[in-house]
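J.:
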Amino acid sequence: MYAHIATTAASSLDALSQYVRTRRDLRLTKSWMRLRAVWTACATDPHHTTPAHEILWSQVQGWGWGADALALCRDEETPAEVLPDVWVAIAVWLEGASVNGVKGGEAEKAEAMAALKTSFTEGKSKEIVQAATSRLMSLFGSEKLEIQAMEGVAADADALCAALRLDLALIPTTFGGDELSGSPLELSHHDVFALVQKVALHRIWDMVYSDRTISPYAYTRLASLALCLGYYLVLAWRIKILESEEWLKLAFIILQRLPPPCAENAAQIIRELGVVGTHIPSLNHISEHLRPNSWDALLPFLLHDLQPDAEQIVSPMLPSPTALSRSATQIMPSRPNLISKRFGLPARTDWTMQPLNHLLRSGVSPVFKALPEGWDSDEVDVVRTTLSLTCAREHVILSPPGLRLSGAEIVFGCMRVFMLEHGQPHDDSSSEIFRDIQVDSLMRTLLSKVSLGATKDSKQIEPSPLEIAAGPHLSNQPFYQFYTDLIALYDAVSFAHPTFSRILLPPLSMNYAIDYRRHFWGDYGHIIRSVQTELPDVPSGSLKEWLWPRDTNEEMIGWYLKALMKGGVTGFLRFVAVHHLATSLWPDLNGVDDPKSPASLGPNPQDMDRTRIVIGAIVHQAGPALFSAIALYDQGQDVIVTYPECWEGRSLTIERRKRRLDWAVSLCGERVRGRLEFVFNS
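In our numbering, the protein residues as written are 827 to 1508.
Here it is in structure tokens:
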């Protein structure tokens, strides 16, 4: 930062300061204020400069930089365009005084309040803040806001951001027993809050972070505005102007808006999440896992993931003492690089589950190599707090849906909890994390929100969503390999654990490659009887994805038949197996009216032979309940009929029963007529 120049050329710089004051050149004054803000940040903690102690706090105080900046604010002739940079310089000076000054900079803050208060309550500073807020409110009042309109956002966002940071810096370090409530500068937080809400929920963020048709650097135009959101959030909690639940909701949303330069601001927000969560009555059932001891155990993982790559740390937009020695670049990455593992911001929707990745790779995780002194926790505590944080997030963010965790992200998060036992000795099942009562309860809470019993049937079904959700977390390991390891672990240690059973199911839908179904129904067919999950508990966004398109693979039809004939298949798995078996036998279930149509008979004689064999097998070997369920099974493609109604034959007309009977007899002969007639005529 060349901060040593401030020392070696102190007299010259003092003369320059006088020149800047008298010259009143707009660009020169702004640049001078920015430079002094950076050097003041260097002096706040001289250990962060390279080399250390380039500039000292005592020198900054001796040069009177703070008083000089305050004088600029008092000067009525100071241009309005300059004041936001002056506010930042004052804020950095006050932050340094809080660290290095007497009584947390009490005297400096009193001096600043005396110089600034009038301007912010009835003068030029108030007009600047109100005008910036009004223009931004007007701009973001339209949902059709285009990227091109962002050109003018930066100046207003910078002004508002500077005012919020200054307000934050003026908060007394110690309250003397009285909790501060209200803005030190009496900013109109009602107006600012309305703006923050509108901006945080605006569709522009989806455009700049997700839309591939616009510039990959378009999001940088909103960086100052994102920082403004972050400063407001920190300030709002410090001066208690928001209810805890409202603050928590905004925090989770804003973390998904902040770009890489806002990592320090994001860290401030994350540190407060646990404390805020314990103040929300509706979260009392998980608040014990968010208390200081538990929260402090989780923080190293969350904070590391904000800046996971030390060589890609982007410097902050405003001076910060702690970022001086850590910053590696001033260039913000392009949008495609934002989603890589080198950057933690903007936070992904499943960021609260990230600590599980470190637990799974504890041997190589950089977090475990740099845990703070005194950190004393175990995996169970970290998992409980991770899941509690995720539950809190899902509880407070009810809309918009795009900000909530997807079903696949929740399921994959729970899968990782179970995979913590992979490769571990299993001499004592009581030590297995997923058997912890609280861990299991938290997972069930999360899964209940994305299961068939709670979700509306989704009209849009994405292919293989778990593979997409798992992609950023598995490095080079395919999700299929992860899933096969998970099934093997279930076979080895689960003992029919009901929650473990639930998370095995999603990849078995028709939305995934046949390899998943083949592995489960075929290679691990012996575990099927232990999976007794009922339909409401199945993690899925749509029942249709399990039934259609029907499974036409000959091998899979054989596995369904084998599982059903062996017995023990119950609940949802029985429903799925009966469906795919019945739709492979009865032409009327395929949307084909004519049973002799080639589409119903199959593309080749082999399908006819398979159908003949299957009908013969169920007629002669299936038990009464199974035989009746397959013979009378009925299902629609638009309106799904669930079990047991689907295999009771209530909507199966006499005509359709007769056609099924004739079809079976035409394939297998009279030997199957008797039992089928008995069921169809019952």
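C-beta: ideal position from N, C-alpha, C; glycine also.
Source: prediction; values computed, not measured.
Can you tell me where the alpha helix (DSSP H) holding V914 begins and where it ends?
T.: Run containing V914: L909 to N926, per the alpha helix (DSSP H) assignment.
J.: Quick one: residues in its chain with C-beta nearer than 8 Å to the C-beta of V1440, no 5 flanking neighbours on either side, listed in chain order?
T.: Cβ neighbours of V1440 beyond the five flanking positions: I1383, L1387, L1407, S1410 and L1411.
J.: Please name the residue, chosen from Y1058, A829, A1044 and V1237, that lies closest to P1159 on a Cα-to-Cα basis.
T.: Measuring from the Cα of P1159, the nearest candidate turns out to be A1044.
J.: Using the rule of at least 16 other Cβ atoms within 10 Å of the residue's Cβ for burial, across every protein chain shown, is A1218 buried or exposed?
T.: Buried: at least 16 other Cβ atoms inside 10 Å.
J.: S1151 by DSSP, collapsed to three states: which one?
T.: S1151: coil per DSSP, three-state reduction.
J.: Is it the case that the Cβ atoms of L1109 and G1103 are separated by a distance below 8 Å?
T.: Yes, they are a contact pair.
J.: Can you give the Cα-Cα distance for E880 and L1132, rounded to whole angstroms?
T.: If I take the Cα positions, the gap works out to 29 Å.
J.: Contact between the region 1314-1329 and the region 1288-1296 is defined here as three or more beta-carbon pairs at a separation below 8 Å; is this criterion met?
T.: Taking 8 Å as the limit for Cβ pairs, the verdict is that the region 1288-1296 does not touch the region 1314-1329.
J.: Please go through the region 1092-1130 and give each complete alpha helix (DSSP H) segment of 4 or more residues, from N-terminal end onward.
T.: Counting only runs of 4 or more, we get 1118-1130.
J.: Hey, W1372 and V1402: beta-carbon distance below 8 Å or not?
T.: A contact, by the Cβ cut-off of 8 Å.
J.: Which runs of the alpha helix (DSSP H), 4 residues or longer, sit entirely within the region 1435-1487?
T.: 1450-1458, all fully within the region 1435-1487.
J.: Could you name the residues of the same chain whose beta carbon sits closer than 7 Å to that of L1246, not counting the 5 residues immediately before and after it, in chain order?
T.: Closer than 7 Å at the Cβ level, and outside the excluded window around L1246, lie L1185, L1186, E1205 and I1259.
J.: So, are the CB atoms of L1273 and I1223 less than 8 Å apart?
T.: It is not a contact, given that the beta carbons lie outside the stated cut-off.
J.: Measuring straight from C-alpha to C-alpha, what distance separates T1437 and C1240?
T.: Rounded to the nearest angstrom, the two C-alpha atoms are 39 Å apart.
J.: Do you know whose CA, among A983, K950, Q974 and L1129, lies nearest L962's CA?
T.: Of the listed residues, the one whose Cα sits closest to L962 is A983.
J.: Taking the beta carbon of D1464 as the centre, do at least 16 other beta carbons fall within 10 Å, making it buried, or is it exposed?
T.: With fewer than 16 other Cβ atoms within 10 Å, it is exposed.
J.: Express the C-alpha separation of A995 and G1367 in angstroms, rounding to a whole number.
T.: The alpha-carbon atoms of G1367 and A995 are separated by roughly 47 Å.
J.: To which residues of the same chain is C868 closer than 7 Å at the C-beta, ignoring the five residues directly before and after it?
T.: Closer than 7 Å at Cβ, skipping near neighbours: M827, A829, T875, E880, I881 and L1150.
J.: Pick out whichever of P1087, S1009, G890 and L1144 has its Cα sitting closest to the Cα of P1172.
T.: The shortest C-alpha separation from P1172 is found at P1087.
J.: What's the C-alpha gap between L1390 and I1139?
T.: Spanning the two alpha carbons is a distance of roughly 57 Å.
J.: Using DSSP with H/G/I as helix, E/B as strand and the rest coil, what is L1277?
T.: The identity of residue 1277 in the sequence shown is Ser, whereas the question assumes Leu. S1277: strand per DSSP, three-state reduction.
J.: Check whether the region 1444-1458 and the region 1470-1487 are in contact - that is, three or more C-beta pairs closer than 8 Å.
T.: At 8 Å Cβ cutoff, the stretches touch.
J.: How many whole angstroms separate the CB atoms of S1191 and L1268, which I take to be in contact at a CB cut-off of 8 Å?
T.: Wrong, their Cβ atoms sit about 22 Å apart, outside the cutoff.
J.: Would you decide whether W919 is buried or exposed? Buried here means 16 or more other CB atoms lie within 10 Å of its CB.
T.: So W919 ends up on the buried side.
J.: By Cβ distance below 6 Å, which residues in the same chain neighbour S1356 in space, the five residues on each side in sequence not counted?
T.: Hits under 6 Å: A1322.
J.: Alpha carbons only, please: which of N1183, V1208 and A1049 is nearest the one belonging to L1116?
T.: That would be V1208, whose Cα lies nearest to the Cα of L1116.
J.: With a threshold of 16 other CB atoms inside 10 Å of the CB of P1251, please say whether the residue is buried or exposed.
T.: Exposed.
J.: Within its chain, find whatever has a CB closer than 8 Å to the CB of H1221; leave out the 5 residues flanking it on each side and keep chain order.
T.: Only S1108 and L1109 meet the Cβ criterion.
J.: Between the region 1029-1046 and the region 966-974, can you find at least three pairs of beta-carbon atoms closer than 8 Å?
T.: They touch, by the three-pair rule.
J.: Which whole runs of the alpha helix (DSSP H) in the region 1344-1396 are 4 residues long or more, in chain order?
T.: Within the region 1344-1396, the complete alpha helix (DSSP H) runs of at least 4 residues are 1370-1373 and 1380-1392.
J.: Once the 5 residues before and after F1078 are set aside, which same chain residues still bring their CB inside 6 Å of it?
T.: The answer, listed in chain order, is R1219 and I1223.
J.: So that I know if they touch, is there some Cβ in chain B lying closer than 8 Å to that of P1087?
T.: The structure shown contains no chain B; it is built from a single protein chain.
J.: If you drop the 5 nearest sequence neighbours on each side, which residues of the same chain put their C-beta closer than 7 Å to that of S837?
T.: Excluding sequence neighbours, S837 sits near nothing in its chain.
J.: Measuring alpha carbon to alpha carbon, tell me which residue in I1112, E977, M1033 and A1123 is nearest S1203.
T.: Cα-wise, what sits closest to S1203 is A1123.
J.: Spatial neighbours of L839 within its chain, please: C-beta separation below 7 Å, excluding the five flanking residues on both sides.
T.: Excluding positions up to five away in sequence, the list reads A832.
J.: If T866 sits next to W891, beta carbons under 8 Å apart, how far is it from one beta carbon to the other, in whole angstroms?
T.: About 6 Å; that satisfies the 8 Å criterion.
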